[in-house]
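2 protein chains.
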Amino acid sequence: MARPKAFDHDDTVLKAAGLFRRQGYEGTSVRHLLDELGLSASSFYAEFGGKDALYMEALAAHAALEREQLRQGLSGPGTFKAKFAGLLAQLIDELTSVGGTSSLTLRAAVEEAGTKPEVLAFLSRYLTELIEMVGDQIATAAERGELRLRHQPQPVARFLLFGALSLGFVAKVSTDRATLDSYAAMVLDAMPGHATGLPGTPHQTQPPDA
Amino acid sequence: MARPKAFDHDDTVLKAAGLFRRQGYEGTSVRHLLDELGLSASSFYAEFGGKDALYMEALAAHAALEREQLRQGLSGPGTFKAKFAGLLAQLIDELTSVGGTSSLTLRAAVEEAGTKPEVLAFLSRYLTELIEMVGDQIATAAERGELRLRHQPQPVARFLLFGALSLGFVAKVSTDRATLDSYAAMVLDAMPGHATGLPGTPHQTQPPDA
DNA sequence: GCGGTTACGGAACAAACGTTCCATAACGTG
DNA sequence: CACGTTATGGAACGTTTGTTCCGTAACCGC
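These protein sequences, in sequence, are chains A and B.
If you're matching positions, the first sequence starts at 3 in this note's numbering and goes up one per residue.
If you're matching positions, the second sequence starts at 3 in this note's numbering and goes up one per residue.
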């Protein structure tokens, strides 16, 4: 028909998600957004409707990515605990690398969920979904005798997920690997499990007195 | 000498801390601040220097309060674990009551620490202090044979403290008591401990299949 | 290569931002 | 009661906020 758009919708949303993740909602002005995304005001409002609408889209896109990463990380072979440990290790890699910033989910929950009902509703739905998904995996792993549970599958799932999210929060103040690794190990201890698959992982961060 | 101030400095700082805690730094405009604190622009700038300076003061005041609450909660008799459990219960009370908002510390870490070096520096110092304080208590409790540790005292202390902070984050999305209680219980499981002091607390959130 | 359609660039908007300034009001002191 | 001092109220400042609007440029189909 006519002149085609010079940008890709989904790419732009993801780029915006990155900005919101690093700088927050209020910390990211539309001007800065336009510069960084490389489009002008008119195109922006025609395509996305406004800052709020773009934020919601970015949040949803980020959530979808996060969920897919989780689902994939828990899909293959191996015990549940080993797979979840792998996900935490991967998360720590991201957090310790340059510009290590926590997930947009965390930021949205802390800064926007209190003010914007739509954000709260979305996060509530999203996190519930994740908890159920992980809870199911935990339940079947427990039935299989892979791990012993001290609590119901869903609370354990919630604990693991929020533990993972708060890793991003821990990383804000102490970025060294050892700290994050030990924190992750303690999160995993919520599932005493028989083994992680690895041969001899003694249940200790370091020797009692070094 | 001359006309006395119509407000109390420390009271005002604490009130400001409350506003920042609920609405964040950027979400709280100076105008709104002045209305809520009941003072005019000239007094405000004469007394506090500006928004940034007041924020830092509010953060420090909040931190001091939080630290004192922690120190006091861990001071009396009883096992360490029981005392920390009491603190978590108290925190959950606050979170489930009206306007249940998480601590300013959490908000500052997530939204401002990335941009403002002074905030990051303060939080880093503050949290390190808390970790050492709690770590010492854990160490002596372990020597006393009160609890068994799977990790070094300091990582355990960090885990407990960040676990407590992230409770405020969990509460953002699910405010019901049972959820928060089970989360707290799993945080406490980082110290398997011989007993909480209570008689028969079975190590299970609910019966395996109800 | 022309016409119709759509995206783009950027100036312009009102509102809100943090901050400054000064005339006025209120107090302690003599 | 009057003076010196200091806090207060509120208008005003220059920027920046999110958003709108319109003239122009770019592309597709014929």
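For glycine and all other residues, C-beta sits at the position ideal for the given N, C-alpha and C.
These figures come from a predicted structure and were not determined experimentally.
Integer-rounded CB distance, given that residue j should sit under 8 Å from residue i
i        : j        : result
A/Thr93  : A/Ala111 : According to the sequence as given, residue 93 of chain A is Leu; it is not Thr. 17 Å between Cβ atoms; not a contact.
A/Ser105 : A/Gly170 : 6 Å
A/Leu162 : A/Phe86  : 6 Å
B/Pro157 : A/Met188 : 7 Å
B/His153 : A/Ser184 : 6 Å
A/Arg69  : A/Leu132 : 6 Å
A/Ala123 : A/Ala60  : The pair is not a contact, with the Cβ atoms about 16 Å apart (cut-off 8 Å).
A/Leu167 : A/Leu108 : 5 Å
A/Val136 : A/Ala159 : 4 Å
A/Ala63  : A/Val15  : 5 Å
Coil, strand or helix - residue i by DSSP
i        : result
B/Ala4   : coil
A/Pro119 : helix
A/Gly13  : It is Asp, not Gly, that sits at residue 13 of chain A in the sequence shown. Of the three classes helix, strand and coil, the one that applies to A/Asp13 here is helix, per DSSP.
B/Ala192 : coil
A/Glu49  : helix
A/Glu96  : helix
A/Leu151 : coil
B/Arg73  : helix
B/Gly80  : coil
A/Tyr128 : helix
A/Glu28  : coil
B/Asp183 : helix
A/Leu41  : coil
A/Ser105 : coil
A/Thr222 : Given a span of 3 to 212 for chain A in the structure shown, any question on residue 222 of chain A remains unanswerable.
A/Arg146 : coil
Partner residues on chain B for residue i, Cβ-Cβ distance less than 7 Å
i        : result
A/Met135 : Under the 7 Å cutoff, chain B gives no residues; its nearest Cβ is about 16 Å from A/Met135.
Contacts of residue i in chain A (Cβ-Cβ under 8 Å)
i        : result
B/Ala115 : Lys174, Val175
B/Val112 : Ser104, Leu108, Arg109, Val112, Glu113, Phe171, Lys174
B/Arg24  : Gly116
B/Phe164 : Ser168, Phe171, Val172, Tyr185
The ligand ATP heavy atom lying under 8 Å from the CB of residue i
i        : result
A/Ser168 : The ligand ATP is not part of the structure shown, which contains no ligands of any sort.
Partners in chain B for residue i, counting only beta-carbon separations shorter than 8 Å
i        : result
A/Ala192 : Met188, Asp191
A/Ser77  : The premise fails here: A/Ser77 is roughly 25 Å from chain B at the closest Cβ pair, so nothing lies under 8 Å.
Listed by chain order, chain A residues near residue i by CB distance under 9 Å
i        : result
B/Leu125 : Lys174, Val175
Chain-ordered chain B contacts of residue i [CB-CB under 9 Å]
i        : result
A/Leu129 : Val175, Ser176
Partner residues on chain A for residue i, Cβ-Cβ distance less than 7 Å
i        : result
B/Phe161 : Tyr185, Met188
B/Phe9   : Simply none; closest approach about 27 Å.
**Prompt:** Hey, is the region 112 to 122 of chain B in contact with the region 32 to 50 of chain B, meaning 3+ C-beta pairs nearer than 8 Å?
**Reply:** no
**Message:** Taking contact to mean 3 or more Cβ pairs, one atom from each stretch, closer than 8 Å, check whether the region 140 to 150 of chain B and the region 173 to 180 of chain A are in contact.
**Reply:** no
**Request:** Could you list the residues in the region 27 to 46 of chain A with a C-beta less than 7 Å from some C-beta on chain B, going in chain order?
**Result:** Glu28, Gly29
**Asked** Between the region 146 to 157 of chain B and chain A, which residues of the former have a C-beta closer than 7 Å to a C-beta of the latter?
**Response** Arg152, His153, Gln154, Pro157
**Prompt:** Can you list, in chain order, the residues of the region 53 to 72 of chain A whose Cβ is nearer than 8 Å to any Cβ on chain B?
**Reply:** none
**Asked** Looking at chain A, which residues of the region 82 to 103 of chain B have a Cβ within less than 9 Å of any of its Cβ atoms?
**Response** Residues are counted here when their Cβ sits less than 9 Å from a Cβ of chain A; for the region 82 to 103 of chain B these are Thr103, given in chain order.
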